[in-house]
Amino acid sequence: MARVTVETVDHVARLAHLSLTEEERETFARQLDQILAYAESIQELDTGDVPPMSHALAGGRFRADVPHEGLDREALLASAPDSAEGLFRVPRVIGG
Amino acid sequence: MSSPVGASATEIRRLVASGEASCEEVARAHLDHVAATEPRVDALLAPLGERALERARALDDKLAGGTAPPPLAGVPLVVKDVLHIEGLPTTCGSRILEGYRPPYTATAVARLENAGAIVVGKANMDEFAMGSSTENSAFKPTRNPWDPARVPGGSSGGSAAAVAARMAPVALGSDTGGSIRQPAALCGVVGLKPTYGRVSRYGLVAFASSLDQVGPLARSVDDVALVANALCGHDPRDSTSAAEPAPDFSGALKAGPEGLRIGVPESFLAEGVETETLARFREALATLEGAGLRVVDVELPHLPHAIATYYLVATAEASSNLARYDGVRYGLRTPESGDLREMYGQTRDLGFGPEVKRRIVLGTFALSSGYYDAYYLRAQKVRTLIRRDFEKAFEACDVVATPTTPTPAFRLGEKTDDPLQMYLEDIFTVPANLAGIPGLSLPCGLVGGLPVGLQLLGRPFDEASLLRCGAAYQRLTDHHERTPPLT
Numbered sequence: 000m001a002r003v004t005v006e007t008v009d010h011v012a013r014l015a016h017l018s019l020t021e022e023e024r025e026t027f028a029r030q031l032d033q034i035l036a037y038a039e040s041i042q043e044l045d046t047g048d049v050p051p052m053s054h055a056l057a058g059g060r061f062r063a064d065v066p067h068e069g070l071d072r073e074a075l076l077a078s079a080p081d082s083a084e085g086l087f088r089v090p091r092v093i094g095g
Numbered sequence: 000m001s002s003p004v005g006a007s008a009t010e011i012r013r014l015v016a017s018g019e020a021s022c023e024e025v026a027r028a029h030l031d032h033v034a035a036t037e038p039r040v041d042a043l044l045a046p047l048g049e050r051a052l053e054r055a056r057a058l059d060d061k062l063a064g065g066t067a068p069p070p071l072a073g074v075p076l077v078v079k080d081v082l083h084i085e086g087l088p089t090t091c092g093s094r095i096l097e098g099y100r101p102p103y104t105a106t107a108v109a110r111l112e113n114a115g116a117i118v119v120g121k122a123n124m125d126e127f128a129m130g131s132s133t134e135n136s137a138f139k140p141t142r143n144p145w146d147p148a149r150v151p152g153g154s155s156g157g158s159a160a161a162v163a164a165r166m167a168p169v170a171l172g173s174d175t176g177g178s179i180r181q182p183a184a185l186c187g188v189v190g191l192k193p194t195y196g197r198v199s200r201y202g203l204v205a206f207a208s209s210l211d212q213v214g215p216l217a218r219s220v221d222d223v224a225l226v227a228n229a230l231c232g233h234d235p236r237d238s239t240s241a242a243e244p245a246p247d248f249s250g251a252l253k254a255g256p257e258g259l260r261i262g263v264p265e266s267f268l269a270e271g272v273e274t275e276t277l278a279r280f281r282e283a284l285a286t287l288e289g290a291g292l293r294v295v296d297v298e299l300p301h302l303p304h305a306i307a308t309y310y311l312v313a314t315a316e317a318s319s320n321l322a323r324y325d326g327v328r329y330g331l332r333t334p335e336s337g338d339l340r341e342m343y344g345q346t347r348d349l350g351f352g353p354e355v356k357r358r359i360v361l362g363t364f365a366l367s368s369g370y371y372d373a374y375y376l377r378a379q380k381v382r383t384l385i386r387r388d389f390e391k392a393f394e395a396c397d398v399v400a401t402p403t404t405p406t407p408a409f410r411l412g413e414k415t416d417d418p419l420q421m422y423l424e425d426i427f428t429v430p431a432n433l434a435g436i437p438g439l440s441l442p443c444g445l446v447g448g449l450p451v452g453l454q455l456l457g458r459p460f461d462e463a464s465l466l467r468c469g470a471a472y473q474r475l476t477d478h479h480e481r482t483p484p485l486t
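So this is what it looks like as structure tokens:
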């Protein structure tokens, strides 16, 4: 079905926030094409009325909605590359 | 006292409980052995010498004060570096987590430490558990203790190699498509992937959340059962943790395997198992038959589609899970990288290795508009077909047996340029993750001097039958007692 081109890889890399090198773009296009060609086998199966399986356990279970102590804010910020005033700091988002 | 290195967890617990050895002596002997063997194997990312000795002394003090020895008292443990220990780096074998120190401990690790285990090191792994050889670690490849020119398997290659090299009798790994069982097979040790939901995933870094499961590696089924007793059970901090109470696995082994029926998917095995590896599998079946088990043929008609299904489902989930590594909350950020979007892209390009990027691209593709129905949704439907195959097979048998891998350990570098060939290595292991069922791999002999494994798969929450079969097999064979050359 899908033939993966460098343009496909560029599109997907943009969606995934990945900057790829020239070499990676070409290698991935070739390899993904091979992998998807292999995966074509599932297209032949009759899956008409088969429900999709997203999880191995049937049904979700929820714990009681009781407030409890969360993780310490300072401890969480300690691993951040940049933080200030109890918040994560990031580069500018708009304009510039 | 002779050296406790090479002793089983059961034996170490007995030595400590009887006062024949202190936890500190046991820990020190293993740390010395790590220092001696690590240059040849490269199994660990970080030995934890000081912490291990401190905790061993603290437990010795408690035992001296009259506290009853807990079930894993003094047992050295290696932990795959995908599980958090508060305050220590978790790398996941990746550069993108540089500088990250988790503020909490994974439930799986906490349960074993509470049972008296002493963590002696964190183990190398394929980056984010993506790989079948441990060559995808950003830091170093791990070597197979049986032949340093060969891979230990992956992604829990460091854990399996550490146990094979006697750095610890027990290790923790994680298994998303075979990452405990395949390296266990290639390193000649036992590995258990429990039923999905059996072990808490709290503090396990997520790869593919509907497939990931934590489990133990050890040299004997008895030790695996001992560790599983402490490891399994419900955790309110993991919403996918199952409510089913865990049985006493060690007690279950005493029942013996009589009456269990072993199903063999003969037509599936016809697909490309190396001749000698298949011969070891046949010999193992004959041994089990001799132990009073009945072997029957079963059909699992959709298993030839398992690899394709797995690599679409797992990469789709991974692409979503790994979106969190964006240089904002933890780990690496590229310096001076323009605006926010540029910072995301450059941080992720610099921080992730090639296999992780390849899987993010594949998974994002499978989820993207225009391809979702044909790939991700269809793979989820085939997943249902594979699960139904097992449900049907388990009407005719109690345990399904296959070789764990199609071949023994391959050479370092042999498959790194061909991702599809690497993926095909997982042909026998991925079905259990897709179906959510438990799987056990145990050594069943050598091929050209290299270990291969027997895999046993069971009904959901029926690890006990796998362990009963495995323990019976190990009472009749000595494959698990063979030691690789350690110097």
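Here the protein sequences line up with chains P and E, keeping their order.
The opening residue of the first sequence carries number 0 in numbering that gives the first Met the number 0; numbering runs sequentially from there.
The opening residue of the second sequence carries number 0 in numbering that gives the first Met the number 0; numbering runs sequentially from there.
For glycine and all other residues, C-beta sits at the position ideal for the given N, C-alpha and C.
request  = Scan the stretch 145-201 of chain E and note each continuous alpha helix (DSSP H) run of 4 residues or more that stays entirely inside, going in chain order.
outcome  = The DSSP assignment places complete alpha helix (DSSP H) segments of no fewer than 4 residues inside the stretch 145-201 of chain E at 156-163 and 180-186, in order along the chain.
ask   = Hey, Pro193 of chain E and Gly153 of chain E: beta-carbon distance below 8 Å or not?
value = No Cβ-Cβ contact shorter than 8 Å links Pro193 of chain E with Gly153 of chain E.
task = Please classify His32 of chain E: is it buried, with 16 or more other beta-carbons within 10 angstroms of its beta-carbon, or exposed?
result = His32 of chain E is buried by the Cβ-count criterion.
inquiry  = So within the stretch 80-138 of chain E, which uninterrupted beta strand (DSSP E) runs reach at least 3 residues, ignoring any that extend past its ends?
reply    = With a minimum length of 3 residues, the continuous beta strand (DSSP E) runs that stay inside the stretch 80-138 of chain E are 117-122.
inquiry  = For Arg332 of chain E and Pro80 of chain P, which I take to be in contact (beta-carbon distance under 8 Å), what is that distance rounded to the nearest angstrom?
reply    = Cβ-Cβ separation between Arg332 of chain E and Pro80 of chain P: approximately 4 Å, consistent with a contact (criterion under 8 Å).
task = Kindly identify the DSSP beta-bridge partner or partners of Asp489 of chain E.
result = Nothing can be reported for residue 489 of chain E, as the shown portion of chain E is limited to 0 through 486.
Same chain, Cβ closer than 6 Å to Ala57 of chain E, neighbours up to 5 away in sequence not counted = Beyond the five residues adjoining it in sequence on each side, Ala57 of chain E comes within less than 6 Å, by CB distance, of no other residue in the same chain.
query = Which chain P residues are close to Ala531 of chain E, counting only those with a beta carbon under 7 Å from its beta carbon?
reply = Coverage of chain E is limited to positions 0 through 486, which leaves residue 531 of chain E absent and any answer about it impossible.
message = Considering just the uninterrupted stretch of the beta strand (DSSP E) at Cys443 of chain E, what are its terminal residues?
response = For Cys443 of chain E, the enclosing beta strand (DSSP E) stretches over residues Gly438 to Val446.
ask   = Going by the beta-carbon positions, is the gap between Leu292 of chain E and Pro264 of chain E smaller than 8 Å?
value = Taking 8 Å as the cut-off, the beta carbon of Leu292 of chain E is found no closer than this to the beta carbon of Pro264 of chain E.
ask   = Is the stretch 72-81 of chain E touching the stretch 99-119 of chain E in the sense that three or more CB pairs, one from each, lie closer than 8 Å?
value = Touching, yes, given that three or more Cβ pairs across the two stretches are closer than 8 Å.
ask   = Helix, strand or coil for Pro487 of chain E per DSSP?
value = This structure cannot speak to residue 487 of chain E, because chain E is shown only from 0 to 486.
key: Stretch-stretch touch, CB-based, cutoff 8 Å, three pairs: the stretch 338-356 of chain E with the stretch 209-226 of chain E   = As far as the Cβ criterion goes, the stretch 338-356 of chain E does not touch the stretch 209-226 of chain E, which means the pair count is below three.
Three CB pairs or more closer than 8 Å across the stretch 453-472 of chain E and the stretch 198-205 of chain E = Remark: fewer than three beta-carbon pairs, one from each stretch, lie closer than 8 Å, so the stretch 453-472 of chain E and the stretch 198-205 of chain E are not flagged as touching.
Alpha helix (DSSP H) segments (min. 4 residues) lying fully within the stretch 229-284 of chain E = The qualifying runs are 248-252 and 265-268.
query = Between which two residues does the alpha helix (DSSP H) carrying Leu339 of chain E extend?
reply = Bounds of the alpha helix (DSSP H) holding Leu339 of chain E are Leu339 to Gly350.
key: Range of the contiguous beta strand (DSSP E) that encloses Leu19 of chain P   = Annotation for Leu19 of chain P: no beta strand (DSSP E) segment contains it, and DSSP assigns it neither H nor E.
ask   = Roughly how far, in whole angstroms, is the beta-carbon of Gly452 of chain E from the beta-carbon of Thr403 of chain E, given that I think they are within contact range, below 8 Å?
value = Yes, Gly452 of chain E and Thr403 of chain E are in contact; Cβ-Cβ is about 3 Å, under 8 Å.
message = Suppose you measure from the CA of Glu6 of chain P to the CA of Leu86 of chain P; what does that come to, to the nearest Å?
response = The alpha-carbon atoms of Glu6 of chain P and Leu86 of chain P are separated by roughly 38 Å.
ask   = If we ignore side chains and look at the alpha-carbon of each, how far apart do Thr141 of chain E and Thr66 of chain E end up?
value = About 39 Å.
key: is_contact[Glu23 of chain P, chain E] using C-beta, thresh 8 Å   = Output row for Glu23 of chain P: interface = yes.
key: Cβ of Ile359 of chain E within 8 Å of any chain P Cβ   = Yes, Ile359 of chain E counts as interfacial toward chain P.
message = Could you check whether Gly326 of chain E and Tyr343 of chain E sit closer than 8 Å to each other, using their CB atoms as the reference points?
response = Yes.
query = So is Asp338 of chain E in contact with chain P if we call contact Cβ pairs under 8 Å?
reply = Interface residue (Cβ-Cβ distance to chain P less than 8 Å): Asp338 of chain E is classified as such.
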